[in-house]
Structure formats: structure tokens, C-alpha cells
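K.L.:
Protein sequence lines correspond, in order, to chains W and D. Going by our numbering, the first residue of the first sequence is number 242, and it counts up by one from there. Going by our numbering, the first residue of the second sequence is number 118, and it counts up by one from there. No residue lacks a Cβ here, since even glycine has one placed at the ideal position from N, Cα and C. What follows is a single structure, and I will ask about it in a moment.
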Amino acid sequence: MKTLSLSSRNFKEIYRDPLTISLGLALPVLLMILFSSIFKRAQVEIFSPTLLTPGVLIFSFSFIIMFSSVLISKDKENSFLTRLFTTPLKPSHFILAYMLPYIPFALTQTLICILTGVFLGADFQNILPVLGIFFLISFTCICMGVTLGALLSVNQVSAVGSLLITVISLFSGAWMDLHMVGGLFETIGYALPFAHAIDAAKILLRGGETTGIMKNLFPVIAYTVVFFFTAILSFRKTIKRG
Amino acid sequence: MQNKAAISAKELTKHFGSRKAVQHVSFDIKQGEIFSLLGTNGAGKTTTIKMLCCLLKPTSGNAQIMGNPINQGTMKIKRIIGVSPQETAIAGHLNTRENLILMGGVHGLSQKESKKKAHQLMDLMELEDRRDQARKLSGGLQRRLSIAMALMSDPQILFLDEPTLGLDPHARKSVWNYIEKLKGEKTILLTTHYLEEADSLADRIAIMNKSKIIEMGTSSELKKKYNTRQTLNIKTNNITTKEIEMLQQKGMDVLQTPSGIEITGNNPDFYTLVDILRSGNVKIEAIHMPEPTLDDVFIQLTGKEAQP
Numbered sequence: 242m243k244t245l246s247l248s249s250r251n252f253k254e255i256y257r258d259p260l261t262i263s264l265g266l267a268l269p270v271l272l273m274i275l276f277s278s279i280f281k282r283a284q285v286e287i288f289s290p291t292l293l294t295p296g297v298l299i300f301s302f303s304f305i306i307m308f309s310s311v312l313i314s315k316d317k318e319n320s321f322l323t324r325l326f327t328t329p330l331k332p333s334h335f336i337l338a339y340m341l342p343y344i345p346f347a348l349t350q351t352l353i354c355i356l357t358g359v360f361l362g363a364d365f366q367n368i369l370p371v372l373g374i375f376f377l378i379s380f381t382c383i384c385m386g387v388t389l390g391a392l393l394s395v396n397q398v399s400a401v402g403s404l405l406i407t408v409i410s411l412f413s414g415a416w417m418d419l420h421m422v423g424g425l426f427e428t429i430g431y432a433l434p435f436a437h438a439i440d441a442a443k444i445l446l447r448g449g450e451t452t453g454i455m456k457n458l459f460p461v462i463a464y465t466v467v468f469f470f471t472a473i474l475s476f477r478k479t480i481k482r483g
Numbered sequence: 118m119q120n121k122a123a124i125s126a127k128e129l130t131k132h133f134g135s136r137k138a139v140q141h142v143s144f145d146i147k148q149g150e151i152f153s154l155l156g157t158n159g160a161g162k163t164t165t166i167k168m169l170c171c172l173l174k175p176t177s178g179n180a181q182i183m184g185n186p187i188n189q190g191t192m193k194i195k196r197i198i199g200v201s202p203q204e205t206a207i208a209g210h211l212n213t214r215e216n217l218i219l220m221g222g223v224h225g226l227s228q229k230e231s232k233k234k235a236h237q238l239m240d241l242m243e244l245e246d247r248r249d250q251a252r253k254l255s256g257g258l259q260r261r262l263s264i265a266m267a268l269m270s271d272p273q274i275l276f277l278d279e280p281t282l283g284l285d286p287h288a289r290k291s292v293w294n295y296i297e298k299l300k301g302e303k304t305i306l307l308t309t310h311y312l313e314e315a316d317s318l319a320d321r322i323a324i325m326n327k328s329k330i331i332e333m334g335t336s337s338e339l340k341k342k343y344n345t346r347q348t349l350n351i352k353t354n355n356i357t358t359k360e361i362e363m364l365q366q367k368g369m370d371v372l373q374t375p376s377g378i379e380i381t382g383n384n385p386d387f388y389t390l391v392d393i394l395r396s397g398n399v400k401i402e403a404i405h406m407p408e409p410t411l412d413d414v415f416i417q418l419t420g421k422e423a424q425p
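Rendered as C-alpha cells:
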């Protein structure tokens, strides 16, 4: 009940913020329409609706990092969290309440991007395991957001959040094939989970076997686990600091 | 109701690295009492409250809230306190009712109980049930909402950290009225740097300076103890330099004002004063002796003004 009360408040904060809705839900649709119109003229395969959808979706998940971290750091800054720390809420209530509302948000993003892809002519295969990958990577983003929000101030979060969105955009392979770029760019890209998630989703969406994505799946799972614990530890640290 | 200690602090001390934020603070607050910690910014008031609310662990010393030690089993304490922090600390995208229901929920009240309590508090604090998001409310309304949020769990003890900070005098007075409604019902620890606030609301006042409590008592006790310098305003229009010099020779601080003179001193000799004025045929139109204020006590104790 206590978790539900706080997560319901956080849910309302997300959905009543026009910036969250426009950047998190409307922008991916715009990007998909834009790039698929490029595909129609230039036939660049990476911009085909089937291959474009995972990239745009994971890019849109990067905004979750920003939204969740800003919500927590703002709650710290205006002492709303201080008020909550004086109530009988336990650390687990806080962590769950700040994570749960972003799950339906990420699911909405996923649904919107997939439907837009279908509308633009994509032919998706293996949609269920792909949803699993999207869930893992969106959860990683939520955990990253909680970590940043717990540790940084609003100003720091805005700067670091923007930087992360840029990094994810450049190094995830959403807009280009990292193997073709090669070198350090490729190394950095595959040291992060995003390019792996996009590659795995692309393989599956084109009808590939689940066994073919294992080398991509492990880094994604590893990052999810690491950031889940990082989020818990950093939030506990914030609670300790009062 | 006012007999048992609701809050008892013994030698509370908090250091942040080498900075001594609170040093050896001790006091007892009786049940139903409004107790004010008065001091300038950085005096240690908020840190003291944070320790009592179990937000910060004391470096040394201890305190008990309704008999529960703050350094063990904080959940017991969190169930019986309500806190309104220095910042308004409201959920900006929620409206007034939603903010209150949220606080009921996090305290474990059912939705039905929360709604009922929210309705009662909105009546008490005269908060309108508007659809407007709380971030769009005026500063005064936000403060009242903040206090109402602290009351949602029907706490035995209420901590109000600078409840009128940044409000205009009218809004401040209105918040005081709401706090006064709680007098006797709740034990309230209020921090402020507005002297009139402490003077008007608190049963007892502790003055904090440089992380220590330097004096404690009721407002009248403090005024009586520290206001030995008295001021006398004499309205006259024919006093000359000769009489002023004679008064000064008798050790009185004399200041010429547009309406006459103002005399300040430690127990000035009124017989001598009257004799000197009579000898010069000074016509006294009115004499006024202003009531001592907490301001004078504060300045005397800390050497500085309380308000920023």
C-alpha cells in the first residue's frame, strides 16, 4: 500500500509533465516517420522500419534515464524526499516506488514504436523474445536514472543525462552500423549494453534464432544486474545522508 | 497534558567533518507545548531537528521522542511524528487533495481514511479543494499545505522547520493562526529566525548561536532577564542643548528625535531626569516607555540581528 501510494504519485508526476510525454512518447514516432521517409527515397537498409524500430526505441529509453534521475534529484532538492524519509517508509518502498512507474512508461514506448513500425511497413518476427530484450534494457535505463538521481543534484543530472543521451545515440548503433565505423567507436559501443540490445533485437526481428543472440544477451543481462544493485546502493546512501 | 516530556534531548552533538554543526544541545519539551528554537541561519536549528526526526545520526549525545531513543528503532518514532521541512516539500504536479492523500498512504492509512483526514485538514487549514497543481499555488498556500501534509498521520509531535520562511507579513500571520489552532493539541518544535514568530507562538524559546543553545526560557523570562537597558521617549518641543548636555553629564544616552528626546540607560535615574527638565522649564507633552522586545534579548545575547 505504501509503495503503491508513492509510486502512484511518481506515475502522476511523469504523465502530467508535457516534456516527458513529448520527448518520451512523441519524439520516437517523429524520428521513425522521418527516417523511414529517408528509407523510401534512399533505400538505406538501416533505416528500414524493421531495423530502425529497435534503434529508435532504445534511443527513446535513454530519455527514461533523464526523467527518472530528474524526478529523484528534484525531490531531493525541494526536500520532498526529506519529508518522505521522516515517514515509516523502508528503503525497499522508495526504490520500488521510483522504479515501478517507469515500467508502464517503457512498455508504452515499446508499444508505440512497434505499432509505428508496423504502420510504416515493418515485418516483425519473434516479437515476444524481442520484448524481453527491450524490457531488460529499459530496466537498465530506469536503474541508471535512479542511481544518477540519488547521487547527483538537479544541475548535475541535467548535464550528465544529456551527455548519456548523446553517448547512447552515438554508440548504440541506432543510426549507423558500428561494425562499419569500426575502431575505437566500435569498441566503446560494444563495451556498453545498448549496441548489444539493438543487435540482438535486429537478429530476432528479422527471423533469426534465439541461440544467435546469446553473445549479445549476456552483456545486457550483466549491465541490468549491475545497475539494479547500483541503484539500490546509491538510494540507500541518499537515505543515510538524510 | 503539559507534564510529561515529549522530546528530551541530552547533549546532542553533530559534527560534519571538522565543522561543528550542533554542540551539546539539551532540552526537554513537555507534551502539548510549543517550543521554539530561535537563531540566525547556520546556528544549528535544522541540524537539531534532523537529528530528532531520525534523518541524521548524532555524533554524540542522545534524545528521546515519547520515550523512544532516536538512535535505535527509528520506525517507532517515524510513526508518531510529522515534519514540515524548511522548503515547502510538496509534490508539484499533484493538487492539494492528492498531496494529502499521498501522505496518508505512505503512513499506511487506507484510501478511505486518507480521504476523510484530507477533508478534515483542508477545512482546518482553509485549503480549497482545487484542481490546480500544488506548484501553481501561492507561497502561503504551499506552506499551509506543507503543514497539513505533516498532520496527515495525526502525529503526536510536529516539527516545523522555518514554517514561514520567505512569506510576506500577511501570509506569515495567516500561517501563525493555523499553528495556534494546534496549540495544546500537538507538541510542536518550531525553528525560526523571526523573533515575533517565536514570541507570538512559543510557550518556551531556546536561543541558538554558533551551534549551541545559549539561553532558554519563556519569552517574558528572557525579556526580564536581559532587558536591563530601558528606553524612554519624551515628547517635547522646547528642550535645549543645555538640558541635553546636563542629562549626558549624568550618564544618560540622549538622542534628539523629531518629536523630542529618547533616553536609554541601565536603570536611568528618573528623579534626576525630571529635576533637570523642570529646571529648564521643559514642557513635557508625553512620556512613553516602550515594552522590551525579544529583539533586544537576541541582540544582547548574540550580538547580531536575527532576521536576515
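Taking its Cβ as the centre, do 16 or more other Cβ atoms sit within 10 Å of glutamine 365 of chain D, making it buried, or is it exposed?
P.N.:
exposed
K.L.:
Applying the criterion that 16 or more other CB atoms from any shown protein chain within 10 Å of the CB defines a buried residue, is glutamate 360 of chain D buried or exposed?
P.N.:
buried
K.L.:
Taking DSSP as the reference, what is the three-state secondary structure of aspartate 145 of chain D?
P.N.:
strand
K.L.:
Would leucine 307 of chain D be called buried (16 or more neighbouring beta carbons within 10 Å of its own) or exposed?
P.N.:
buried
K.L.:
Between which two residues does the alpha helix (DSSP H) carrying alanine 319 of chain D extend?
P.N.:
Neither: alanine 319 of chain D is in no alpha helix (DSSP H) and is coded neither H nor E.
K.L.:
Buried or exposed: which applies to serine 135 of chain D, given that a residue is buried once 16 or more other Cβ atoms fall within 10 Å of its Cβ?
P.N.:
exposed
K.L.:
Do alanine 138 of chain D and phenylalanine 321 of chain W have their CB atoms nearer than 7 Å?
P.N.:
no
K.L.:
Tell me whether the stretch 146-166 of chain D and the stretch 228-244 of chain D touch, counting them as touching only if at least three CB pairs, one residue from each stretch, are closer than 8 Å.
P.N.:
no
K.L.:
Over what stretch of residues does the alpha helix (DSSP H) that includes phenylalanine 326 of chain W continue unbroken?
P.N.:
In this chain, the alpha helix (DSSP H) harbouring phenylalanine 326 of chain W covers 321-326.
K.L.:
Compare the C-beta of glutamate 489 of chain W against all C-beta atoms of chain D and say whether one is closer than 7 Å.
P.N.:
A question about residue 489 of chain W goes unanswered here, because the residues of chain W that appear run from 242 up to 483.
K.L.:
Would you mind stating whether isoleucine 151 of chain D and aspartate 320 of chain D have Cβ atoms separated by less than 7 Å?
P.N.:
yes
K.L.:
Between alanine 347 of chain W and the rest of its own chain, which residues show a CB-CB distance below 8 Å, the 5 nearest in sequence each way excluded?
P.N.:
Phe302, Ile305, Phe375, Phe376, Ser379, Phe380, Cys382 and Ile383
K.L.:
Quick one: which residues of the stretch 265-289 of chain W get their C-beta closer than 8 Å to a C-beta of chain D? List them in chain order.
P.N.:
none
K.L.:
For aspartate 316 of chain W, count neighbouring Cβ atoms within 10 angstroms of its own Cβ and tell me buried if that reaches 16, exposed if not.
P.N.:
buried
K.L.:
Per DSSP, what kind of secondary structure is proline 186 of chain D in: helix, strand or coil?
P.N.:
strand
K.L.:
Just list the residues that DSSP pairs phenylalanine 300 of chain W with in beta bridges.
P.N.:
Its beta-bridge partners do not exist; DSSP assigns none.
K.L.:
Is the CB of threonine 479 of chain W under 7 Å away from at least one CB in chain D?
P.N.:
By this cut-off, threonine 479 of chain W is not an interface position.
K.L.:
Quick one: give me the first and last residue of the beta strand (DSSP E) that serine 337 of chain D is part of.
P.N.:
Element bounds for serine 337 of chain D: not the beta strand (DSSP E) but the alpha helix (DSSP H), 336-343.
K.L.:
Label aspartate 184 of chain D either buried or exposed according to how many other C-beta atoms from any shown protein chain fall within 10 Å of its C-beta, with 16 as the threshold for buried.
P.N.:
At residue 184 of chain D the sequence reads glycine, which differs from the aspartate that was named. Per the 10 Å Cβ criterion, exposed.
K.L.:
Using the Cβ count rule (16 or more neighbours within 10 Å means buried), how would you classify glycine 222 of chain D?
P.N.:
The residue is buried, with at least 16 neighbouring Cβ atoms inside 10 Å.
K.L.:
Let me make sure I understand the geometry here. Which of D/Lys290, D/Asn188 and D/Thr304 has the alpha-carbon closest to that of aspartate 316 of chain D?
P.N.:
Of the candidates D/Lys290, D/Asn188 and D/Thr304, D/Lys290 places its Cα closest to the Cα of aspartate 316 of chain D.
K.L.:
Among residues of its own chain, excluding the 5 on either side of proline 202 of chain D, which ones have a beta-carbon nearer than 8 Å to its beta-carbon?
P.N.:
Ser263 and Asp278
K.L.:
So which residues of chain W does lysine 253 of chain D contact, with C-beta pairs closer than 8 Å?
P.N.:
Result: empty, since nearest Cβ-Cβ is about 12 Å, beyond 8 Å.
K.L.:
So with Cβ pairs under 7 Å, would you call lysine 195 of chain D a contact of chain W?
P.N.:
yes
K.L.:
Is valine 414 of chain D near the ligand SAH - that is, is its Cβ less than 6 Å away from at least one heavy atom of it?
P.N.:
In the structure on display, the ligand SAH does not appear, and there are no ligands present to speak of.
K.L.:
Answer yes or no: do lysine 131 of chain D and proline 186 of chain D have a C-beta to C-beta separation smaller than 7 Å?
P.N.:
no
K.L.:
Verify the CB distance criterion: does valine 139 of chain D have a CB-CB separation below 7 Å to chain B?
P.N.:
The structure shown has no chain B; the protein chains it does contain are W and D.
K.L.:
Give the secondary structure of glycine 222 of chain D by DSSP, where H, G and I count as helix, E and B as strand, and everything else as coil.
P.N.:
helix
K.L.:
Run down chain W in chain order and give the residues with a C-beta less than 7 Å from the C-beta of proline 202 of chain D.
P.N.:
Ser320, Thr323 and Arg324
K.L.:
According to DSSP, what are the bridge partners of isoleucine 306 of chain W?
P.N.:
Looking at the DSSP assignment, isoleucine 306 of chain W forms no beta bridge with any residue, so it has no partner.
K.L.:
Buried or exposed: where does glutamine 228 of chain D fall if 16 or more other Cβ atoms within 10 Å of its Cβ makes it buried?
P.N.:
Exposed, by the Cβ-count rule.
K.L.:
From the beta carbon of threonine 244 of chain W, is the nearest beta carbon of chain D less than 7 Å away?
P.N.:
Using beta-carbon distances, threonine 244 of chain W does not count as an interface residue toward chain D, since no partner is under 7 Å.
K.L.:
Should the stretch 261-273 of chain W be called in touch with the stretch 328-339 of chain W, which here means at least 3 C-beta pairs below 8 Å?
P.N.:
They do not touch, by the three-pair rule.
K.L.:
Do the CB positions of arginine 260 of chain D and leucine 244 of chain D come within less than 7 Å of each other?
P.N.:
no
K.L.:
For chain D, check one thing: does any of its Cβ atoms lie closer than 7 Å to the Cβ of proline 345 of chain W?
P.N.:
Answer no: the Cβ-Cβ gap between proline 345 of chain W and chain D never drops below 7 Å.
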